[in-house]
Amino acid sequence: MRAIIKALYNPFIKFFFINKLRIFSRKCNAKQFLVLDIDNTIADTWTNLNDFKKGRFAYFSNLEPLEGTIQYVKNHYGDLPIVFLSNRNIVDYGVTKNWLKKRSFNAPQILILTNNPHDKLVYLKYLCERFGVVYFDDLSYNHEKESVLFYDDVIKEVKKMNVKYYDYDSILKLNNH
Ligand SMILES: [Mg+2]
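Numbering (the numbering used here), first residue to last: 11 to 187.
What follows is the structure in structure tokens.
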């Protein structure tokens, strides 16, 4: 049932966010954009996944940041406008925005949420065709079950695009010290 509801409202969500992205990217007047995933890219999401059952609002509010990625991004791409691109439920939009505010990214920014990881490609494609793109995204899942899996079909498409892509391994390296 939930899948059906999601499928029904998904086109509206995509329409809303692509429009938002169009307006934002025009307004920024930049040649290059930074696209940042949130979970397991700049937020330490999977290690405390058990807390999710206690309540999603508290869970998302209290996620620890992955400072390795955040500092790297601020040092190297601090002057680029940011598109936060996260595969989270739309009901978590507010709590996600608040969490991001606490991380003090100073550049102009928007938050886009998707219903499934594959939908990220829509927004990446839009940006790639018009601007330079630097993209950080682990595109992985299943960490809590002790074997990391990847969204291989999405990764394959990303690699075909003209983006500077920081993947799971690069993100791991930035945070292992
Ligand atoms: Mg992620």
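Glycine included, every Cβ here is placed at the ideal spot set by N, Cα and C.
Nothing here was measured: the structure is a model prediction, and the numbers come from that model.
Cβ separation of residue i and residue j, assumed to be a contact under 8 angstroms, to the nearest whole Å
i           : j           : result
residue 52  : residue 80  : 5 angstroms
residue 144 : residue 42  : 7 angstroms
residue 46  : residue 146 : 5 angstroms
residue 134 : residue 173 : 7 angstroms
residue 92  : residue 44  : 5 angstroms
residue 113 : residue 106 : Actually they do not touch by this definition, with Cβ atoms about 11 angstroms apart.
residue 117 : residue 78  : Not confirmed; about 19 angstroms, so no contact.
residue 76  : residue 186 : In fact, because the Cβ distance is near 11 angstroms, the residues do not count as touching under 8 angstroms.
residue 101 : residue 130 : That pair is no contact at about 19 angstroms.
Residue i: first and last residue of the uninterrupted beta strand (DSSP E) it sits in
i           : result
residue 96  : 92-96
residue 146 : 142-146
residue 174 : 173-176
residue 122 : 119-123
For residue i, the residue or residues it bridges with in DSSP
i          : result
residue 59 : DSSP lists no partner for residue 59.
residue 44 : 92, 144
residue 53 : 49, 75
DSSP-derived helix/strand/coil call for residue i
i           : result
residue 74  : strand
residue 151 : strand
residue 158 : coil
residue 68  : helix
residue 167 : helix
residue 126 : coil
residue 185 : helix
residue 116 : coil
Residue interval of the alpha helix (DSSP H) (run including residue i)
i           : result
residue 105 : 103-112
residue 100 : No alpha helix (DSSP H) contains residue 100, which DSSP labels as neither H nor E.
residue 39  : Counting along the chain, residue 39 falls outside any alpha helix (DSSP H), and DSSP gives it neither H nor E.
Stretch pair the stretch 150-158 + the stretch 117-126: three plus CB contacts closer than 8 angstroms: no
At least three beta-carbon pairs within less than 8 angstroms, the stretch 163-177 to the stretch 58-72: no
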